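Following: one structure in structure tokens, then a few remarks.
Residue numbers (our numbering), protein chains in the order written: chain A, -5 to 153; chain B, 16 to 305.
Encoded structure:
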């Protein structure tokens, strides 16, 4: 099956097996290893990517669904102003997630900030249950996301 | 569902008319909404897909979410996460609690309400709460449109009452005020779908300390749902809190008999749990006030 997709801003056309997961397409066909492979059941949340600006689990998304869609992985997101807000917010409160869940946490933070620039502690804690990794202190996570939201608010007002 | 190793044929229409036309020509095709049911429990490297797939992903008509004063209109392809994003000012606390219980937050961004109601072989997740709230489904084929209450979506034996050429396109959820509600997911795992999983929904309305409306439903791993309107009426008109009244005892006894006759619950432990929750709720329903 031939599909055409916008991957991190570039148009890619390729012939795929429809049974392929988006996760494996990204990791093994395009070599985008920032999207991590975990349980393949949708429980761990390590494989989050943005498909048409919606956060999806790439392990539970067949690759054919990306046909004519926009896929954004952590590699494409890095380097955007939105990424720097999150990075700066995380660094300011010295929040350092592990290498396995960091990409998913950044994309999930971006998804939350797209919905609201004033995320409450309750919302942040609830949404981050989507990622099972317990590498860091949850209270630090809340602080980091709220700091990133403040930085993004400030940037948007400045613009 | 039939799977094969031949490359599946996939159709991804962009309009509802195209999708309904395709469904009429290919009634055996498997409809792909959020995909969480189809891909559930597949840990293999390649996905095992049905031989023909109709993906509704790109149909904008099915992605609409609207609200009037009396009801919430949810397109069949709206994900649980998007419904929950409407917030507590739009959604009733019961609906929030029920939708949050359906699946883990990571899956909630993909799972859809229409897909969840169309799952052929089990009645877990959103089905009991939609049943109790008297939600209605808009069902379309290329020739006609009909509205079916969720209560009529399944036969008493649990079969889905959808023609092979039909699709659920919209769900209407009435926005009624309930004075008390309770939604519980019972089982070994919080989001697990196992033989001991059970979903229980209780809602009620009161007026001047009297129970004026009471609804109660159970959903489990099978495709059947338990709701007995005759039993519900037994409690209507009783003064609250019911506590140790004869009405409550009669209701619980009749319910126990009925559940055992219908063999709806898988164990005595489940039965005890259901009766305990019902008794404690009705003893003082206002602790669960909406």
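By construction, the Cβ of each residue, glycine as well, lies at the ideal position given by its N, Cα and C atoms.
Nothing here was measured: the structure is a model prediction, and the numbers come from that model.
Are any of the Cβ atoms in chain B nearer than 9 Å to that of residue 58 of chain A?
Yes, residue 58 of chain A lies at the interface with chain B (some Cβ there is under 9 Å from its Cβ).
Taking residue 51 of chain B as the query, report the chain A residues whose CB atoms sit under 8 Å from its CB, ordered along the chain.
36 and 54
Given that residue 58 of chain B touches chain A, what residues does it touch there, using C-beta distances under 9 Å?
33, 34 and 35
With a threshold of 6 Å on Cβ separation, who are the neighbours of residue 31 of chain B within its own chain once the five nearest residues in sequence on each side are excluded?
74 and 76
Thinking just about the alpha-carbon of each residue, which of A/79, A/52 and A/105 is nearest to the one in residue 150 of chain A?
Residue nearest to residue 150 of chain A within the set A/79, A/52 and A/105 is A/79 (criterion: CA-CA distance).
Considering only their Cβ atoms, is the gap separating residue 49 of chain A from residue 42 of chain A smaller than 9 Å?
Their beta carbons are under 9 Å apart, which means residue 42 of chain A touches residue 49 of chain A by this criterion.
Kindly indicate which residue of B/21, B/97, B/193 and B/184 has the alpha-carbon position closest to the one of residue 46 of chain B.
B/184
Less than 8 Å between C-beta atoms, sequence neighbours within five positions excluded: which residues of the same chain meet that for residue 166 of chain B?
146, 149 and 242
Between residue 157 of chain A and residue 222 of chain B, what straight-line distance do the alpha-carbon atoms span, to the nearest angstrom?
Nothing can be reported for residue 157 of chain A, as the shown portion of chain A is limited to -5 through 153.
Among the residues of its own chain, which have a CB less than 6 Å from the CB of residue 17 of chain B, if the five just before and after it don't count?
The predicted position of residue 17 of chain B is uncertain, since its pLDDT is 48 and thus under 50; a value taken from the coordinates is nonetheless stated next. Apart from sequence neighbours up to five positions away, no residue of its chain approaches residue 17 of chain B with a beta-carbon distance below 6 Å.
Once you ignore the five residues that flank residue 163 of chain B on each side, which residues in its own chain have a CB closer than 6 Å to its CB?
Result list for residue 163 of chain B: 152 and 154, in chain order.
Could you please give the first and the last residue of the uninterrupted alpha helix (DSSP H) stretch that includes residue 131 of chain B?
128 to 132
Counting contacts by CB-CB distance shorter than 9 Å, is residue 125 of chain A in contact with chain B?
yes
Applying a beta-carbon distance threshold of less than 8 Å, which residues of chain A neighbour residue 23 of chain B?
12 and 13
Near residue 157 of chain B, what residues of its chain come up, given a Cβ to Cβ distance below 8 Å and the 5 sequence neighbours on each side ignored?
32, 35, 36, 38, 39 and 180
If distances are taken between C-alpha atoms only, which option among B/52, B/137 and B/133 comes closest to residue 122 of chain B?
B/52
Chain B partners of residue 18 of chain A, CB-CB under 8 Å?
60
With 8 Å as the C-beta to C-beta threshold (strictly closer), list the residues of the stretch 278 to 289 of chain B near chain A in chain order.
none
Do we get a CB-CB distance below 9 Å when we pair residue 115 of chain A with the residues of chain C?
In summary, chain C is missing from the structure at hand, where the protein chains are A and B.
Output yes or no for whether 9 Å exceeds the beta carbon distance between residue 217 of chain B and residue 230 of chain B.
yes
Which residue spans inside the stretch 38 to 109 of chain A form an unbroken beta strand (DSSP E) run of at least 3?
42 to 45, 48 to 51 and 64 to 66
Along chain A, in chain order, which residues have C-beta atoms closer than 7 Å to that of residue 70 of chain B?
In chain order: 59.
Look at the alpha carbon of residue 145 of chain A and the alpha carbon of residue 58 of chain B, and state the distance between them as a whole number of angstroms.
40 Å
Is residue 16 of chain B close to chain A, meaning its C-beta is less than 9 Å from at least one C-beta of that chain?
Confidence is the limiting factor: at residue 16 of chain B the pLDDT is only 47, short of 50, which leaves the residue's position unreliable, though a coordinate-based value still follows. Taking Cβ atoms only, chain A never reaches closer than 9 Å to residue 16 of chain B, which makes this a no.
Cβ closer than 7 Å: which chain B residues qualify as neighbours of residue 120 of chain A?
The answer, in chain order, is 120.
What are the start and end residues of the alpha helix (DSSP H) that includes residue 295 of chain B?
From DSSP, the alpha helix (DSSP H) with residue 295 of chain B extends over 283 to 298.
Under 9 Å between C-beta atoms, does residue 44 of chain B make it to chain A?
no
For residue 298 of chain B versus residue 263 of chain B, is the C-beta spacing smaller than 9 Å?
It is a contact, given that the beta carbons lie within the stated cut-off.
Tell me where the alpha helix (DSSP H) around residue 116 of chain B begins and ends.
Segment 108 to 117, the alpha helix (DSSP H) holding residue 116 of chain B.
List the residues of chain A whose Cβ lies closer than 7 Å to the Cβ of residue 124 of chain B, in chain order.
Chain A residues near residue 124 of chain B: 48, 49 and 50.
In chain A, which residues lie less than 7 Å from residue 100 of chain B when you measure between Cβ atoms?
109
When the Cα of residue 80 of chain B is compared with those of B/129, B/119, B/238 and B/42, which residue comes out closest?
B/129
Assess, as a yes-or-no matter, whether the stretch 81 to 100 of chain A is touched by the stretch 87 to 105 of chain B under the definition of 3 or more beta carbon pairs within less than 8 Å.
no
Taking Cβ positions only, does residue 157 of chain A come closer than 9 Å to chain B?
In the structure as shown, chain A starts at -5 and stops at 153, and residue 157 of chain A therefore has no counterpart that could be examined.
Please look up how many angstroms separate the CB atoms of residue 98 of chain A and residue 36 of chain A, rounded, as I've assumed it's under 8 Å.
Contact doesn't hold; Cβ gap of about 12 Å is too wide.
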